[in-house]
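Some notes on the structure that comes next.
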Amino acid sequence: MIDEIEITIAKFIYTGILAEDTLMKKIGRYIVRGQLGRGGMGRVYKVEMPVTGKIVALKLLKPDPLLTDLLGLENIRGMFVREAVTMANLKHPNLLDVWDFDEAEGMPFYIMDYHCNNLGTMIGESHMIEKPSRRIPAEKAVRYIRQILEGLACLHYAGVVHRDIKPFNVLITDYDTVKICDFGLSKMRGYPFRGPSNLKVGTPGYASPEQQKDPDAVDFSADLFSVGVMFYRMLTGILPMKDPASPQAHNPDLDVFWDRFLLKAIEPSPLRRYRRARSMLAALDDVYAVWRGKQEKICRYPYPTGLEDLASDAPATVEYEKPRSRPLNVDLKKARRLFGLDELFRPQVYTENDFNVDVDDVVADRATGLLWERSGSEYPMTWDRARHYVRGLNDQGFSGRTDWRLPTVAELTTLLMKTYPQETLCISSVFDETQRGLWSSDRRSPAAAWYVSLDLGFVAWHDHTARCYVRAVCDRSGSTDEFNAAQATGERS
59 MIDEIEITIA KFIYTGILAE DTLMKKIGRY IVRGQLGRGG MGRVYKVEMP VTGKIVALKL
119 LKPDPLLTDL LGLENIRGMF VREAVTMANL KHPNLLDVWD FDEAEGMPFY IMDYHCNNLG
179 TMIGESHMIE KPSRRIPAEK AVRYIRQILE GLACLHYAGV VHRDIKPFNV LITDYDTVKI
239 CDFGLSKMRG YPFRGPSNLK VGTPGYASPE QQKDPDAVDF SADLFSVGVM FYRMLTGILP
299 MKDPASPQAH NPDLDVFWDR FLLKAIEPSP LRRYRRARSM LAALDDVYAV WRGKQEKICR
359 YPYPTGLEDL ASDAPATVEY EKPRSRPLNV DLKKARRLFG LDELFRPQVY TENDFNVDVD
419 DVVADRATGL LWERSGSEYP MTWDRARHYV RGLNDQGFSG RTDWRLPTVA ELTTLLMKTY
479 PQETLCISSV FDETQRGLWS SDRRSPAAAW YVSLDLGFVA WHDHTARCYV RAVCDRSGST
539 DEFNAAQATG ERS
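Take 59 as the starting number for the sequence shown in our numbering and just add one per residue.
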């Protein structure tokens, strides 16, 4: 019974979008465009604001019957209202904002900013959280964790313990900044927890040992334990279990200083781990400064250890079958097979590119026969706007060409590089690195399309209203026949 309760109150399941029972439905004055997820206390919908058409997220109180039996509807309602009030009264760049509060058919709801990305999706975490996930490069992981700690410092200053810090509760904006969300399980000063003594609060694997024993007795260090677990996973791809291994045993990029920091962060005893977000942040900055200094020294040498092999393993004479250029409709069940991906949606085979940078701000790849924009769109945009962007390139004859197209997943994955320890830090990309996530022309459904994350090296999907960058492609040969056919196919599908 305890396991059932634990899952009911802590688990939030991201269900995707466009569930049939939500289409064209209204909650209050908001038009429902899809369900984003559901949890023990309610559901989160993607909704459209009237008049402006702006897309926002709506959280509706719709508790699980088991949770209602355990806590009572009025108690749950009070928790829900306090969550909204807490979020609305906290103003910080790394905390999610609440914009509106209302009721529909007797149930309260509130409105938040809509962000289509979250850390759980980025690392490829599934409902079986013990399975390996994608690693995040140290530099990017540190930037995210710094922002999470900054947000928690503000939260803790207000006397709030989040109690459910985990990857799926860390939203990532279009401009790659962090927003902490879901305050439904928060412990707030002056509001003791009212519920059965056997009720588990938090997410297994991320909740601190003391929180699992007594949720109402925890202090701020419980959140910092969860941050430590999340950071360990981001850097190693492994969820630390009891007696976790040294982080550098899973990631050779790390060193003993990382080991000390991470293992202290996930100490079972709250007295031996970091007590305040600011102190953890200061310790992180010290560790990262030392590590970054070592990497810079490595990069000063003409050929860092192993870099000669990395370069010599990429001969310019390798020939590849030309990547598919025609857009496809590919549902999730067929995606791995059709796109040639592993369990974490990364390419099973990588391309050894032979890039040549042209003076017209384009990059030719002699290995694949493709010609790419060197940069791409300055800002992220919806999928429909992405297609307009490409048409604009052709209308202006960018780089003397009129056959630019939105690339397929097959074409985009040729740009992904298999990660190597340390040495890749010393290699500069021939492309503008602003464009991290790129739209493809391949669709997942009538309202969703596939994209490729260049910085993390995986394939995923977004609904068309999400925003990604665009990098157009064409054939080096200059033929427009296949381009015209591909565009026609894409517009009919």
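The beta carbon of each residue, even a glycine, is placed where N, CA and C say it ideally should be.
**Message:** Extract the residue ranges of the alpha helix (DSSP H) inside the region 426-486, only unbroken runs of 4 or more that lie entirely within it.
**Reply:** The region 426-486 is shown to contain whole alpha helix (DSSP H) runs of 4 or more residues at 441-454 and 467-470, in chain order.
**Host beta strand (DSSP E) of SER337 (start-end)** = The continuous stretches of beta strand (DSSP E) do not include SER337, which lies in the alpha helix (DSSP H) extending over residues 335-358.
**Request:** Rank LEU339, TYR202 and ASP442 by C-alpha distance to the C-alpha of HIS522 and give the top, closest one.
**Result:** The option with the nearest alpha carbon to HIS522 is ASP442.
**Contact with chain C by PRO302, beta-carbon distance below 9 Å** = Looking at the structure shown, chain C is missing, and only one protein chain is on hand.
**Helix, strand or coil at LEU386 [DSSP, three-state]** = Of the three classes helix, strand and coil, the one that applies to LEU386 here is coil, per DSSP.
**Asked** Mapping DSSP to helix, strand and coil, what is ASP311?
**Response** Here DSSP, grouped into helix, strand and coil, assigns ASP311 to coil.
**Request:** To the nearest angstrom, report how far apart LEU153 and ARG192 are at their CA atoms.
**Result:** Pairing LEU153 with ARG192, the inter-Cα distance amounts to about 25 Å.
**Message:** On the DSSP letters alone, give me the boundaries of the beta strand (DSSP E) that LEU565 sits inside.
**Reply:** Residue 565 lies beyond the residue range present for the chain, which begins at 59 and ends at 551; the question has no answer from this structure.
**Request:** Could you spell out the range, first to last residue, of the alpha helix (DSSP H) harbouring GLN406?
**Result:** Looking at the DSSP string, GLN406 is not in any alpha helix (DSSP H), and its letter there is neither H nor E.
**Request:** Pull up the CB-CB distance for ALA444 and VAL531, whole angstroms please, since I reckon it's below 8 Å.
**Result:** Contact between ALA444 and VAL531 is ruled out by a C-beta separation of about 13 Å, above the 8 Å threshold.
**Item:** Per-residue burial, ALA393 [other beta carbons within 10 Å of its own, 16 or more giving buried]
**Value:** Flag for ALA393 reads buried.
**Item:** ASN227 and ALA524 closer than 9 Å at C-beta
**Value:** Going by C-beta atoms, ASN227 is not nearer than 9 Å to ALA524.
**Prompt:** Ends of the alpha helix (DSSP H) at GLU208?
**Reply:** Judged by DSSP secondary structure, GLU208 falls within the alpha helix (DSSP H) whose first and last residues are 196-215.
**Asked** Between the region 389-405 and the region 340-354, are three or more C-beta pairs nearer than 8 Å?
**Response** Contact between the region 389-405 and the region 340-354 is absent: fewer than 3 CB-CB pairs across the two stretches fall below 8 Å.
**Request:** Thinking MET338 and LEU282 are a contact (beta carbons under 8 Å), I'd like their distance in whole angstroms, please.
**Result:** Right, their Cβ atoms sit about 6 Å apart.
**Asked** Three or more C-beta pairs closer than 8 Å, one from the region 497-515 and one from the region 462-473: is that the case here?
**Response** The region 497-515 is in contact with the region 462-473.
**Prompt:** At what residues does the beta strand (DSSP E) containing ALA530 begin and finish?
**Reply:** According to the DSSP assignment, ALA530 belongs to no beta strand (DSSP E), since it is labelled neither H nor E.
**Nearest-angstrom beta carbon gap, VAL102 and LYS117 [assumed within contact, 8 Å]** = About 5 Å separates the two Cβ atoms, so the contact holds.
**Request:** Output the distance between the C-alpha atoms of LEU243 and THR409, rounded to the nearest integer angstrom.
**Result:** One C-alpha to the other measures close to 46 Å.
**Request:** State the beta-bridge partners of GLU161 as determined by DSSP.
**Result:** Note: GLU161 sits in a beta bridge opposite PRO166.
**Asked** Looking at MET288 and TYR264, is the spacing between their C-beta atoms short of 9 Å?
**Response** In this structure, MET288 lies closer than 9 Å to TYR264 by Cβ.
**Chain-order list of residues whose beta-carbon lies under 8 Å from that of ASP419 (same chain, five-residue window excluded)** = Apart from sequence neighbours up to five positions away, the residues of its chain that approach ASP419 with a beta-carbon distance below 8 Å are GLU431, ARG432, SER433 and SER457, ordered along the chain.
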